[in-house]
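Enquirer: Dropping the structure in here first, questions after.
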């Protein structure tokens, strides 16, 4: 019977802006997420007194985290991925001194995890940054923001050095290419050159955080976080194969810089061909040499690319505008389901970097409906996760070093893409709908008991 390694970390992943709520409590400032009530692809809406949005309360994790962590412990979690809301620590982003109430909240959260023997994996910036830094400085388009982020990173490393040993810098850092406001605090109308300059500042800031982590927490490990956007050529036509290579490099480039410490030649050519001249100084080049200890990534689906312009036009408007794979089925949201793609991606990343890998997001969003007994019979989710975990096990057999697996949204939360609660990922059902109605009561879905068994048997209960 194939099982996962004893040291393998099992758990789930959440983000502050999708679960915490309490969006102005205890001195917290406004973040970019707070002014995007319709999600990462939605418009920016200035807040006015008395208005409200679904994320303002979310699932009220800020007040209910002890009970939620108890449920995670019941499933046997050895790891929980969370993020710190930057605006709880520095409300506007440019303060000299941190907000003590914000720091104290995460002390309590990490202590609660420790009480249940759950290892925290902490993301410094998960799809949000202080709105003050966008308004006053122009977001990551400003070089000054690098220093503000480094101050924030050093503050939390120093505060939690005895409680948190596993860190990530920026969530899905390559998403800035598709959602610049969410990724780098730039308007959607920004030019390619402006977006890549902001990305450069963020890559430098990420490397400075790596350096700071190694200084302040010598026994700590810090990784990057990529949106695993693996694409296949639609055909074996050489032009399609080359197109797939280029498309994959568009997101792998972030990993190349964070793992190898310099811009790869193919990106230098891309900048030349597109008339992009980045402002890069010697201090930047030196900073980038501080490389990550491991690579973490999200994986939800694969797609296809082709040089056939007619097919490309038809694909516009799909998520990331990918051509559908005729050999795969899709979820309710049109995301194609490809468990074997996860094994392929793990091998691709391992071959490319030879650094430990951590799957920190993977899951199935669906419109769950409790039955007459109030239980969600989510066999579709069980099937999805089972098939993906079988492929993770195969990748480990291939020789890939995989640190752990944290499924996305172990408890229902507000989705990032469209700020919906109806798109549910959790093993735990939360009674709240898209209009904000509901009791916020938690209940165990069928998948809760399934995942508990997978963890307790180290994967032996998976069905190949």
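Residue numbers (the working numbering): 50 to 513. Positions of the beta carbon are idealized from the N, C-alpha and C atoms, including for glycine.
For residue 279, name the three-state secondary structure that DSSP assigns.
Expert: To locate residue 279, count along the chain shown from 1; it is residue 230. It is coil, neither helix nor strand.
Enquirer: In whole angstroms, what separates the C-alpha of residue 74 from that of residue 106?
Expert: In the chain shown, counting from the first residue as 1, residue 74 sits at position 25. In the chain shown, counting from the first residue as 1, residue 106 sits at position 57. Answer to the nearest angstrom: the Cα atoms are 11 angstroms apart.
Enquirer: Quick one: complete alpha helix (DSSP H) runs, 4+ long, within the stretch 287-364?
Expert: Entirely contained in the stretch 287-364, the alpha helix (DSSP H) runs reaching 4 residues are, in chain order, 287-309, 314-322, 331-336 and 358-364.
Enquirer: How many Å lie between residue 4 and residue 97 at the Cα?
Expert: Lying outside 50 to 513, the shown extent of the chain, residue 4 is not represented and no answer is given.
Enquirer: If you draw a straight line from the C-alpha of residue 246 to the C-alpha of residue 495, how long is it?
Expert: For the purposes of this step, residue 246 is identified with residue 197 of the chain shown, where counting begins at 1. For the purposes of this step, residue 495 is identified with residue 446 of the chain shown, where counting begins at 1. Those two C-alpha atoms are separated by around 46 angstroms.
Enquirer: Hey, out of 150, 499, 415 and 177, whose CA is closest to residue 88's CA?
Expert: Here the question's residue 88 lines up with position 39 in the chain shown. The residue with the shortest Cα to Cα distance from residue 88 is 177.
Enquirer: As a quick exercise: from 480, 455 and 497, pick the residue whose alpha carbon is nearest that of residue 57.
Expert: Here residue 57 refers to the residue found at position 8 of the chain shown. It is 455 whose Cα lies nearest to the Cα of residue 57.
Enquirer: Please report the distance separating the alpha-carbon of residue 360 from that of residue 164.
Expert: Looking up residue 360 in the chain shown gives position 311. Looking up residue 164 in the chain shown gives position 115. Rounded to the nearest angstrom, the two C-alpha atoms are 54 angstroms apart.
Enquirer: Hey, how far is the Cα of residue 394 from the Cα of residue 108?
Expert: Within the chain shown, the letter at position 345 stands for residue 394. Within the chain shown, the letter at position 59 stands for residue 108. Each residue's Cα considered, the two are about 32 angstroms apart.
Enquirer: Measuring CB to CB, does residue 154 end up less than 8 angstroms from residue 169?
Expert: Taking the chain shown and counting its residues from 1, the one referred to as residue 154 is at position 105. Taking the chain shown and counting its residues from 1, the one referred to as residue 169 is at position 120. Their beta carbons are not under 8 angstroms apart, which means residue 154 does not touch residue 169 by this criterion.
Enquirer: Assuming residue 206 and residue 182 are in contact, meaning their beta carbons sit under 8 angstroms apart, how far apart are those beta carbons, in whole angstroms?
Expert: Looking up residue 206 in the chain shown gives position 157. Looking up residue 182 in the chain shown gives position 133. Contact doesn't hold; Cβ gap of about 20 angstroms is too wide.
Enquirer: From the DSSP output, in three-state form, read off residue 159 for me.
Expert: The residue given as residue 159 occupies position 110 in the chain shown. Three-state DSSP puts residue 159 in a helix.
Enquirer: In terms of DSSP beta bridges, what is residue 193 paired with?
Expert: As a position in the chain shown, residue 193 is number 144, starting the count at 1. Answer by DSSP bridge pairing: none, since residue 193 is not bridged.
Enquirer: Considering only the alpha carbon of each residue, which of 85, 70 and 119 lies closest to residue 5?
Expert: Any question about residue 5 goes unanswered here, given that the chain covers just 50 to 513.
Enquirer: Between the Cα of residue 241 and those of 231, 251, 252 and 227, spot the shortest distance and give me the residue it belongs to.
Expert: Here residue 241 corresponds to residue number 192 of the chain shown, with the count starting at 1. Nearest C-alpha to residue 241: 227.
Enquirer: Could you check where the beta strand (DSSP E) with residue 451 kicks off and where it finishes?
Expert: In the chain shown, the residue the question calls residue 451 occupies position 402. Counting along the chain, the beta strand (DSSP E) containing residue 451 begins and ends at 451-457.
Enquirer: Please name the residue or residues paired with residue 478 in a DSSP beta bridge.
Expert: Residue mapping note: residue 478 aligns to position 429 of the chain shown, counting from 1. According to DSSP, which records beta bridges pairwise, residue 478 is partnered with 492.
Enquirer: Have a look at 487, 191, 429 and 492 and flag the residue whose alpha-carbon is nearest the alpha-carbon of residue 380.
Expert: Reading the chain shown from its first residue, position 331 is the one you call residue 380. Measuring from the Cα of residue 380, the nearest candidate turns out to be 429.
Enquirer: The alpha helix (DSSP H) that contains residue 268, what's its start and end?
Expert: Counted from its first residue, the chain shown places residue 268 at position 219. Premise fails: residue 268 is in no alpha helix (DSSP H) and is neither H nor E.
Enquirer: Within 10 angstroms of the Cβ of residue 321, are there 16 or more other Cβ atoms? Answer buried if so, exposed if not.
Expert: Indexing the chain shown from 1 puts residue 321 at position 272. Exposed, since its Cβ has fewer than 16 Cβ neighbours within 10 Å.
Enquirer: Do the CB positions of residue 111 and residue 78 come within less than 8 angstroms of each other?
Expert: In the chain shown, the residue the question calls residue 111 occupies position 62. In the chain shown, the residue the question calls residue 78 occupies position 29. No, the pair does not count as a contact, with Cβ atoms beyond the cut-off.
Enquirer: With 16 other CB atoms within 10 Å as the buried threshold, where does residue 119 fall?
Expert: Taking the chain shown and counting its residues from 1, the one referred to as residue 119 is at position 70. Label assigned to residue 119: exposed.
Enquirer: With a threshold of 6 angstroms on Cβ separation, who are the neighbours of residue 125 within its own chain once the five nearest residues in sequence on each side are excluded?
Expert: What you label residue 125 is simply residue 76 of the chain shown in a count that begins at 1. The answer, listed in chain order, is 501, 504 and 505.
Enquirer: Do residue 80 and residue 150 have their C-beta atoms within less than 8 angstroms of each other?
Expert: The count along the chain shown starts at 1 and reaches residue 80 at position 31. The count along the chain shown starts at 1 and reaches residue 150 at position 101. Cβ distance not < 8 angstroms, so residue 80 and residue 150 don't count as in contact.
Enquirer: Residue 435 and residue 512 look like a contact to me (Cβ under 8 angstroms); what is the Cβ gap, rounded to whole Å?
Expert: Translated into positions along the chain shown, residue 435 becomes position 386. Translated into positions along the chain shown, residue 512 becomes position 463. Confirmed, Cβ separation roughly 6 angstroms.
Enquirer: Let me make sure I understand the geometry here. Which of 342, 282, 463 and 289 has the alpha-carbon closest to that of residue 310?
Expert: Here residue 310 refers to the residue found at position 261 when the chain shown is read from its first residue. For the residues 342, 282, 463 and 289, the minimum Cα distance to residue 310 belongs to 342.
Enquirer: Just the C-alpha distance for residue 116 and residue 473, rounded to the nearest angstrom, thanks.
Expert: For the purposes of this step, residue 116 is identified with residue 67 of the chain shown, where counting begins at 1. For the purposes of this step, residue 473 is identified with residue 424 of the chain shown, where counting begins at 1. If you take the alpha carbons of residue 116 and residue 473, they lie about 19 angstroms apart.
Enquirer: Are residue 292 and residue 389 close, meaning C-beta to C-beta below 8 angstroms?
Expert: Stepping through the chain shown from its first residue, residue 292 is reached at position 243. Stepping through the chain shown from its first residue, residue 389 is reached at position 340. For residue 292 and residue 389, no; Cβs fall outside 8 angstroms.
Enquirer: How far does the alpha helix (DSSP H) with residue 219 in it reach, from first residue to last?
Expert: As a working mapping, residue 219 is identified with position 170 in the chain shown. Note, residue 219: premise wrong, no alpha helix (DSSP H); beta strand (DSSP E) at 215-219.
Enquirer: Residue 129 and residue 61: beta carbons closer than 8 angstroms?
Expert: Here residue 129 is taken as the residue at index 80 of the chain shown, counted from 1. Here residue 61 is taken as the residue at index 12 of the chain shown, counted from 1. Taking 8 angstroms as the Cβ cut-off, residue 129 and residue 61 qualify as a contacting pair.
Enquirer: Decide if residue 481 is buried, meaning its Cβ has at least 16 other Cβ atoms within 10 Å, or exposed.
Expert: As a working note, residue 481 is residue 432 in the chain shown. Classification of residue 481: buried, given that the 10 Å Cβ count is 16 or more.
Enquirer: Let me know the secondary structure DSSP gives residue 178 once reduced to three states.
Expert: As a working mapping, residue 178 is identified with position 129 in the chain shown. Of the three classes helix, strand and coil, the one that applies to residue 178 here is coil, per DSSP.
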